[in-house]
């Protein structure tokens, strides 16, 4: 084919190098934020670490023990049968670990202290329990099972500066809630 067709579509896709290509102007106005939109929207943070925005509530992950693996955990090994008290590692069944990342929400099934105290104050407003939330967080106690690890009501009173009556009440409520959650977990495993 020596002479190209004169159709408009042909000229749009295949141009003659002797004739300059037509320049089409955009109907949209220039974006004044254009140069800024190509960069990092949070220049003080690296790309791999986006900032956290406030959401429906505090999301505190449970602490992860990086020094031990699930395979060497004493709770897993105590359930394994052994013929002697000094079982070798070769006699233990091989455990295949998952490559999935750990589910941080499932790490601690118990409620957060802040949520628990807020809900409890709805039913018992005279106790004014939400005033102790900042004190628990200052001492890095986040879930209700950690309250029981403190020990007695006297110990709770000394550490948190909570009244003796509220400390005793809180311990009873925490034990009741933990038993309820444990029952739900056991029922879901069956």
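Numbering (the working numbering), first residue to last: 174 to 363. Glycine is no exception: its CB is placed at the ideal position from the N, C-alpha and C atoms.
Item                                                                                                           : Value
Cβ distance (whole Å) where residue 316 is taken to contact residue 284 below 8 angstroms                      : 7 angstroms
Proximity of residue 344 and residue 329 at Cβ, strictly below 8 angstroms                                     : yes
First and last residue of the uninterrupted alpha helix (DSSP H) at residue 287                                : 286 to 296
Beta-bridge partners of residue 316, as assigned by DSSP                                                       : 285
Residue 354 (DSSP reduced to helix, strand or coil)                                                            : helix
Classification of residue 361 by the beta-carbon crowding that lies within 10 angstroms, buried from 16 upward : exposed
Contact under 8 angstroms by Cβ, residue 347 with residue 320                                                  : yes
Buried versus exposed call for residue 182 [16 or more other C-beta atoms within 10 Å across all chains shown] : exposed
Backbone secondary structure at residue 325 - three-state DSSP                                                 : coil
Proximity winner among 295, 299, 297, 331, relative to residue 309 (alpha-carbon distances)                    : 331
Reference residue 290, options 302, 296, 280, 281, closest by Cα                                               : 302
Residue from 322, 296, 178 whose Cα sits closest to the Cα of residue 351                                      : 322
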